[in-house]
Amino acid sequence: MSDNRTAMLEKLADLATEQEKAVNAGGKYIARHKERGKLTARERIELLVDEGSAFLELMPLAGWGSDFPVGASIVTGIGVVEGVECMIVANDPTVKGGALNPWSVKKSFRAAEIAERNGLPTVNLTESGGADLPTQKEIFIPGGRGFRDLTRSSARKVPTVSVVFGNSTAGGAYVPGMSDYVIMVKERAKVFLAGPPLVKMATGEETDDESLGGAEMHSRISGSSDFLAVDEHDAIRLARRVVARLNWRKEGDTSVASGSSYAEPDLDPEDLLDLIPTDLKEPFDPREAILRIVDGSGPGNEVAFDEFKPLYGTALCVGWARLHGNPIGILANARGVLMSEEAQKAAQFIQLANQKDTPLLFLHNTTGYMVGKEYEQGGIIKHGAQMINAVSNSQVPHLTVIMGASYGAGNYGMNGRAYDPRFLFTWPSAKSSVMGPAQLAGVLEIVARESAEKKGQVFDAEGFKAIKEMVETQIEEQSLPYVLSGMVYDDGVIDPRDTRTVLGICLSVINNQRIEGAMNFGVFRL
Ligand code: COA
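Structural data, given as C-alpha cells:
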C-alpha cells in the first residue's frame, strides 16, 4: 500500500469516528427516546426520502470542538422525496431535548441559505425544546431569521413543510406556524406559545398540554395543523404525499439528469488515495484528480477535460469538462502559488463561464498570491483584484473543494467561503488559514524582534522559541478541517473518492433553477 493511501485511510478512519459522534450525540437519551416508541432524527429522514436514493448530509460536524455535542442537535441535508430534491432539517430530540444552541442556529441558517440559493423546498422534521436556555442571549435575537426564511421561501413559490413529532414550544411553534403545510402526530405533537405552567403563571388559567397545543386540537379546532397523523410513520407518509402534490418542476437543465447519459471517469477514483499526499508540502498534479472526478470521454464528451490556455499561467490549470452530464468549468491550483498570469487567466476564464452559463468548480491547493518586489512592481495586487472581482461578481453557480492548502488571499481568489460558493467541501488533508503555521510563527518572530529593537531592548530569541512553537501548534490545529467544519465554514468533510458523487448531487440540485451568467462585473483595475 502506498504511503499516501495509508496516511489518507488513517485520516478517513478518524473522520468516521468524528462523524459517529454526531450520530450518537444523544447518548443515553437515544434508548429512552426509542422506549417512548419514537424514531430518531436519522430514521425519520431515512423513511422520508425515496427508497435507494442518496441523502447528502450537510455540516455533520457542526459544533465540533465547542462545548456542544458534535452535530449541533440537528441533522440537515438534501434528500429526494417523491422525486423532488428537498432541504431536510430534522431536530435531534435526544440532544438536550432538541434545544437549539448557537451552532444549531448557524447550521440551520446555512441550510436555509442553501435552500434559498438553489430554490429547494424545505421539509422540517420538528421536535425541539426551542432555544438552549443557558445560551439564549446568543440565539434569541438572530434566531428569528429562521421563521422569516420560511415565509420568504413561501413567497418565492418554494413550499415549506413541517412535520411535528413532539414538542415545538414558544418560538418553535412558529416553525409549523410559518410553514405552508403542517402535519402533526396524534398524542405526540405539542405546539403552543406557552406550556401549562407558564400559562398558569401568566394568567392563572388551569389547562393541559392537549387542549393547549395537541395535534387533535390543532387539526380540528385551531386549524394550525393540516393533517392529523396517527403515528410517526403515518406522518412521514403524509409528508411524502404533500411533496408528491407540489407539482414541482426544475427550471434548470434537466436533460442531463439520467445516469445513463454520461460516462464514468476515464481513471479510477479509487486511485485518489494513492495520489493525494496528506503532507501539503508535497505537490500533486490536479489533472490527476480532475480525470478521476469528471465524466470520462465518450459520445458527446469526446475529451474528458479540455484545458484552456495550458501554456500560460501554468500554476493554475483551467478547463472544461462534464460531471454527471453537466457542463462545468474547472479552476485548479497546479502549483501552490498564484502569480499575475494565473490571476488574469482565472479572471478571463470566469468571464467565459458566465458568457456561456456554465457552473464553475474551484479545486484549492494554494499558498496564496506571490509576494516580493518583482511581483509587487509587476502588479500582483491589481491582478489578484481582477481575479477576486471576477469571482465575486460571477453569477454562475460555484462549487468549491479544498483539496489541500488554502492560505491567504488565495482562499478568496479561489472562491473560499466568504465568496458564497453554492457548496463547499473539504478533503481530510485540507488546511485553511491566513498563511502556513510555520510562516505565521516566523512573521511573528520578525515583528517581535523589530519591536524589541525599536524599544532599545535585546530580543530574547531563546525565550521566543517556546512562543513560536506554541503559535505554530495553535495555527496548525486551527487550520484543520474539523475545526473549520465545526465552525460551519464548510458543508462537510468528504472522502476524496466520493467527490464526484457529491458534486454530481450538487449540480443536480443547482439545476432546480435556471443558470444565468453575469453580464456585468465590477470595474477591472487594468
Ligand atoms: N435548553 C437547555 N436544555 C434543555 C432544554 C432547553 N430549552 N430543554 C431540555 N433541555 C435539557 C434538559 O435539561 C435535560 O438535560 P440533562 O440531560 O442535563 O438533564 C435534557 O435536555 C433532556 O431533557 P428532558 O426534559 O429530560 O427531555 P424530554 O424528552 O423528557 O423533554 C422537552 C423534552 C423539550 C419537552 C423538555 O425538556 C422541555 O419542556 N424543555 C423546555 C422547553 C422550553 O420551554 N423551551 C423554551 C423555548 S424558547
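Residue numbers for the sequence shown follow my numbering, so the first one is 83 and each next one is one higher.
C-beta atoms are modelled at their ideal positions from N, C-alpha and C, and glycine is treated no differently.
Since the structure is predicted, the reported quantities are computational estimates derived from the model, not experimental observations.
Look at the alpha carbon of residue i and the alpha carbon of residue j, and state the distance between them as a whole number of angstroms.
i, j, result
"residue 486", "residue 513", "6 Å"
"residue 542", "residue 534", "9 Å"
"residue 391", "residue 515", "29 Å"
"residue 585", "residue 351", "13 Å"
"residue 244", "residue 403", "39 Å"
"residue 322", "residue 202", "15 Å"
"residue 140", "residue 90", "21 Å"
"residue 327", "residue 96", "42 Å"
"residue 107", "residue 155", "8 Å"
"residue 204", "residue 552", "45 Å"
"residue 536", "residue 523", "20 Å"
"residue 368", "residue 415", "7 Å"
"residue 394", "residue 384", "24 Å"
"residue 563", "residue 296", "43 Å"
"residue 476", "residue 413", "14 Å"
"residue 479", "residue 442", "6 Å"
"residue 286", "residue 308", "30 Å"
"residue 305", "residue 104", "36 Å"
"residue 261", "residue 207", "12 Å"
"residue 372", "residue 606", "30 Å"
Please state whether DSSP places residue i in a helix, a strand or coil.
i, result
"residue 411", "strand"
"residue 204", "strand"
"residue 406", "coil"
"residue 546", "helix"
"residue 267", "strand"
"residue 120", "coil"
"residue 144", "coil"
"residue 358", "coil"
"residue 597", "coil"
"residue 344", "coil"
"residue 277", "coil"
"residue 249", "strand"
"residue 332", "coil"
"residue 290", "coil"
"residue 513", "strand"
"residue 536", "helix"
"residue 296", "strand"
"residue 475", "helix"
"residue 155", "coil"
"residue 236", "helix"
Hey, would you say the C-beta of residue i is under 6 Å away from at least one heavy atom of the ligand COA?
i, result
"residue 207", "no"
"residue 253", "yes"
"residue 106", "no"
"residue 215", "yes"
"residue 212", "yes"
"residue 436", "no"
"residue 512", "no"
"residue 42", "Given that the chain is displayed from residue 83 to residue 608, the structure contains no residue 42 and the question cannot be resolved."
"residue 249", "yes"
"residue 179", "yes"
Counting C-beta neighbours from all protein chains within 10 Å, is the total for residue i 16 or more, i.e. buried, or is it exposed?
i, result
"residue 283", "exposed"
"residue 314", "buried"
"residue 293", "exposed"
"residue 224", "exposed"
"residue 272", "buried"
"residue 601", "exposed"
"residue 230", "exposed"
"residue 258", "buried"
"residue 468", "buried"
"residue 189", "buried"
"residue 279", "exposed"
"residue 500", "exposed"
Taking 6 Å as the cut-off, is the CB of residue i close to at least one heavy atom of the ligand MN?
i, result
"residue 221", "This structure lacks the ligand MN; its bound ligands are the ligand COA."
I want to know whether the segment 168–178 touches the segment 138–155 - three or more CB-CB distances under 8 Å. yes
Cβ pair count under 8 Å reaching 3, the segment 433–445 against the segment 514–528: no
Segment contact flag, the segment 356–373 with the segment 421–437, C-beta cutoff 8 Å, min 3 pairs: no
Any contact of the segment 208–215 with the segment 584–598, i.e. 3+ C-beta pairs under 8 Å? no
Any contact between the segment 448–460 and the segment 478–495? By contact I mean 3 or more CB pairs, one from each, below 8 Å. yes
Do three or more CB pairs link the segment 562–573 to the segment 343–359 at distances below 8 Å? no
Contact between the segment 192–201 and the segment 575–583: three or more CB pairs below 8 Å? no
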